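Residue numbers (my numbering): 403 to 480. All C-beta atoms in this analysis are idealised placements derived from N, C-alpha and C, irrespective of residue type, glycine included. Since this is a predicted model, take the numbers as computed values, not measurements. Here the structure comes first, spelled out in structure tokens, and everything after it is commentary.
Shown next, in the form of structure tokens:
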């Protein structure tokens with residue numbers, strides 16, 4: 403059996419996440435729920451109808467500041 407990834411996230415933390423409705427767009431998101439190794443995320447500026455789940459080791463999430471370091475731009479959610 404595999405060991406699930408460590409989840410050091412807390413509700414209220416901010417991170418950068420790919421917009422699930424536009425995979426080329428990276429937005430600021432807030433962790434609004436945690437279940438095991440899964441994070442319930444809400445893109446800042448959107449409502450709960452667009453919440454989505456990601457695993458803590460998903461390549462679709464990254465620490466705040468990653469876009470700036472890599473020369474990418476953060477986008478507002480659609």
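In this model, residue 430 and residue 407 are separated by some 22 Å (Cα to Cα). Taken through DSSP and simplified to helix, strand or coil, residue 409 comes out as coil. Going by C-alpha positions, residue 480 is about 35 Å away from residue 405. Spanning the alpha carbons of residue 469 and residue 418 requires a straight line of approximately 8 Å. A residue is called buried when at least 16 other Cβ atoms come within 10 angstroms of its Cβ; residue 410 does not meet this threshold and is exposed. Residues of the same chain with a CB within less than 8 Å of the CB of residue 440, apart from the 5 flanking positions on each side, are 455, 456, 457, 458 in chain order. Straight-line measurement puts the Cα of residue 467 at about 18 Å from the Cα of residue 444.
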